[in-house]
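Chemist:
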Amino acid sequence: MLISVTTFWTILLIIHGLLAIALLGALTHQAVAILMPVRQAAGGAGFVTRFRAVTGPAYATAVCVLWILTFIMGAWIYTKYRIYVRIPIEQAGFWKTQGFFELKEHAATIALGSLPIYWYFWKNAQNHDYDSARKWVTLWLAFVCWFNFLVGHVLNNVRGFGS
Amino acid sequence: MTTTTATQSTSPARAKATSSLAASVKFRTFAVVFGISVPVIYVACELLNLPAFTYHPATNRIGLGWEAGRSGEGPAMYWYGWTVVTIVAGAVLGLLGTLIPESVAKKIPLALLWLLPILAFIPLTYSLMPFWTK
Numbered sequence: 001m002l003i004s005v006t007t008f009w010t011i012l013l014i015i016h017g018l019l020a021i022a023l024l025g026a027l028t029h030q031a032v033a034i035l036m037p038v039r040q041a042a043g044g045a046g047f048v049t050r051f052r053a054v055t056g057p058a059y060a061t062a063v064c065v066l067w068i069l070t071f072i073m074g075a076w077i078y079t080k081y082r083i084y085v086r087i088p089i090e091q092a093g094f095w096k097t098q099g100f101f102e103l104k105e106h107a108a109t110i111a112l113g114s115l116p117i118y119w120y121f122w123k124n125a126q127n128h129d130y131d132s133a134r135k136w137v138t139l140w141l142a143f144v145c146w147f148n149f150l151v152g153h154v155l156n157n158v159r160g161f162g163s
Numbered sequence: 001m002t003t004t005t006a007t008q009s010t011s012p013a014r015a016k017a018t019s020s021l022a023a024s025v026k027f028r029t030f031a032v033v034f035g036i037s038v039p040v041i042y043v044a045c046e047l048l049n050l051p052a053f054t055y056h057p058a059t060n061r062i063g064l065g066w067e068a069g070r071s072g073e074g075p076a077m078y079w080y081g082w083t084v085v086t087i088v089a090g091a092v093l094g095l096l097g098t099l100i101p102e103s104v105a106k107k108i109p110l111a112l113l114w115l116l117p118i119l120a121f122i123p124l125t126y127s128l129m130p131f132w133t134k
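In order, the protein sequence lines correspond to chains A and B.
When we follow the working numbering, the leftmost residue of the first sequence carries the number 1, and every step to the right adds one.
When we follow the working numbering, the leftmost residue of the second sequence carries the number 1, and every step to the right adds one.
(1) Alpha carbons only, please: which of Y118(A), W95(A), A133(A), L139(A) is nearest the one belonging to H29(A)?
(2) Taking C-beta to C-beta, are L119(B) and L103(A) nearer than 9 Å?
(3) At what residues does the beta strand (DSSP E) containing T54(B) begin and finish?
(4) Cβ of I117(A) within 9 Å of Cβ of V137(A)?
(5) Give me the chain A residues within the contact set of G74(B), using Cβ-Cβ distance strictly less than 9 Å, ordered along the chain.
(6) So, is F71(A) buried or exposed, given that buried needs 16 or more other C-beta atoms within 10 angstroms?
(7) For R159(A), would you say it is in contact with chain B, using Cβ-to-Cβ distances shorter than 9 Å as the test?
(8) A62(A) to S71(B), Cα distance in whole Å?
(9) Can you say whether M73(A) is buried or exposed, counting buried as having 16 or more other CB atoms within 10 angstroms of its CB?
(10) Could you work out which residue in K80(A), A26(A), L24(A) is closest to L13(A) when comparing CA atoms only?
(11) How far does the alpha helix (DSSP H) with L95(B) in it extend, from its first residue to its last?
(12) Give the secondary structure of R61(B) by DSSP, where H, G and I count as helix, E and B as strand, and everything else as coil.
(13) Does any residue of chain A have a CB that is nearer than 9 Å to the CB of V92(B)?
(14) With a threshold of 6 Å on Cβ separation, who are the neighbours of K63(B) within its own chain once the five nearest residues in sequence on each side are excluded?
(15) Evaluate the contact criterion for the region 83-100 of chain B versus the region 118-127 of chain A: three or more CB pairs, one atom per stretch, below 8 Å.
(16) Please classify W119(A) as buried or exposed, where buried requires at least 16 other C-beta atoms within 10 Å of its C-beta.
(17) Along the chain, where does the alpha helix (DSSP H) containing V154(A) start, and where does it finish?
(18) Determine whether the beta carbon atoms of P51(B) and G65(B) lie at a separation below 9 Å.
(19) Would you tell me roughly how many angstroms separate the C-alpha atoms of A22(A) and L66(A), rounded to the nearest one?
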């Protein structure tokens with residue numbers, strides 16, 4: 001065998017994390033752009049203005065694909081998490097930490113249901129009837145992405161694969 | 001001349017948009033019904049414990065419906081089963097939704113698409129009370 005079992009699962013966890021970072025970046029750009037839209041071209045503007053001057057619709061398909069890929073990778077490593085991470089966390093008495101992981105798994109699935117309409121809203125960005133719903137669905141997805149990322153990060157600090 | 005050029009250049013694009021999912025009224029209805037159904041179904045699955053299957057990771061065994069963890073075989077996992085029920089049932093409802101008239105479908109409040117997912121976390125967080133109070 002080229003790599004140990006522990007290394008294999010650690011690589012999968014890192015891929016899950018990298019996908020999540022890409023997703024986080026894309027959704028944060030969109031969320032900031034929708035909260036503080038730039039009224040004119042950002043030429044010569046500073047970092048913050050450039051950060052929020054992205055073309056939101058261009059991110060929609062990438063966000064959906066990244067969410068599904070991150071979800072699949074998370075679901076895959078969850079099988080090992082349940083035994084090699086959760087049980088020691090419970091034995092150590094970190095109940096609130098585990099409670100937040102439970103919320104993370106709920107949020108990931110529920111947000112999956114928002115992806116088709118999120119994609120539709122952004123592909124019809126010229127339709128102002130959808131402006132409010134597009135904004136709130138995007139902010140909801142961005143919030144879930146940040147929440148899940150931070151919970152996953154803390155859990156990895158508490159007890160990552162291979163620890 | 002500018003107008004003619006613009007018309008010629010936008011016509012193929014318009015034709016393409018009409019045939020795409022983004023221009024489809026049926027896809028819009030599917031996405032709206034799916035987006036509303038998923039949080040409701042997921043909460044029901046979690047609270048009533050209705051997974052499509054139970055996965056036993058220690059023994060790599062899958063059982064139909066809900067199964068308790070067996071002694072000596074490690075924990076049981078229900079999240080996969082809840083997720084499958086939610087996505088499949090949501091997709092079925094979404095497809096059925098495409099059968100309703102467009103005039104009716106357009107009356108569905110779009111605010112439900114972000115309100116229901118947020119409200120879903122009230123019962124879900126409450127159901128995790130043992131984790132918060134230990």
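Glycine is no exception: its CB is placed at the ideal position from the N, C-alpha and C atoms.
For clarity, every value in this text was computed on a predicted model and none was experimentally measured.
Modeler: So, to answer that:
(1) For the purposes of this step, residue 29(A) is identified with residue 29 of the first sequence, where counting begins at 1. The option with the nearest alpha carbon to H29(A) is L139(A).
(2) As a first step, residue 119(B) is located in the second sequence; it is residue number 119 there, counting from the start. As a first step, residue 103(A) is located in the first sequence; it is residue number 103 there, counting from the start. In this structure, L103(A) does not lie closer than 9 Å to L119(B) by Cβ.
(3) Here residue 54(B) refers to the residue found at position 54 when the second sequence is read from its first residue. Start and end: 53-56.
(4) Within the first sequence, the letter at position 117 stands for residue 117(A). Within the first sequence, the letter at position 137 stands for residue 137(A). A contact, by the Cβ cut-off of 9 Å.
(5) Within the second sequence, residue 74(B) is the residue found at index 74, counting from 1. Those are R82, I83, I87, listed as they occur along chain A.
(6) Translated into the one-based positions of the first sequence, residue 71(A) becomes position 71. Flag for F71(A) reads buried.
(7) As a working note, residue 159(A) is residue 159 in the first sequence. For R159(A), the answer is no, since every Cβ of chain B falls outside 9 Å of its Cβ.
(8) Taking the first residue of the first sequence as 1, we reach residue 62(A) at position 62. Taking the first residue of the second sequence as 1, we reach residue 71(B) at position 71. Taking the straight line joining both Cα atoms gives about 44 Å.
(9) On the first sequence, position 73 is the one that residue 73(A) refers to. By the neighbour-count rule (16 or more Cβ atoms within 10 Å), M73(A) is buried.
(10) As a first step, residue 13(A) is located in the first sequence; it is residue number 13 there, counting from the start. The shortest Cα separation from L13(A) among K80(A), A26(A), L24(A) belongs to K80(A).
(11) By one-based count along the second sequence, residue 95(B) stands at place 95. L95(B) -> alpha helix (DSSP H) spans 79-97.
(12) Numbered from 1 along the second sequence, position 61 holds the residue referred to as residue 61(B). Strand, per DSSP.
(13) The residue you call residue 92(B) lines up with position 92 of the second sequence. It does not; no Cβ of chain A falls within 9 Å.
(14) Translated into positions along the second sequence, residue 63(B) becomes position 63. The residue you asked about is not Lys; residue 63(B) is Gly in the sequence shown. Closer than 6 Å at Cβ, skipping near neighbours: T54.
(15) no
(16) Within the first sequence, numbered from 1, the residue matching residue 119(A) stands at position 119. Under this definition W119(A) is a buried residue.
(17) Taking the first residue of the first sequence as position 1, residue 154(A) is located at position 154. First-last of the alpha helix (DSSP H) with V154(A): 131-159.
(18) Mapped onto the second sequence, residue 51(B) falls at position 51. Mapped onto the second sequence, residue 65(B) falls at position 65. Against a cut-off of 9 Å, the Cβ pair of G65(B) and P51(B) comes out as a contact.
(19) On the first sequence, residue 22(A) is found 22 positions in, with the first residue counted as 1. On the first sequence, residue 66(A) is found 66 positions in, with the first residue counted as 1. Cα to Cα, A22(A) sits roughly 8 Å from L66(A).
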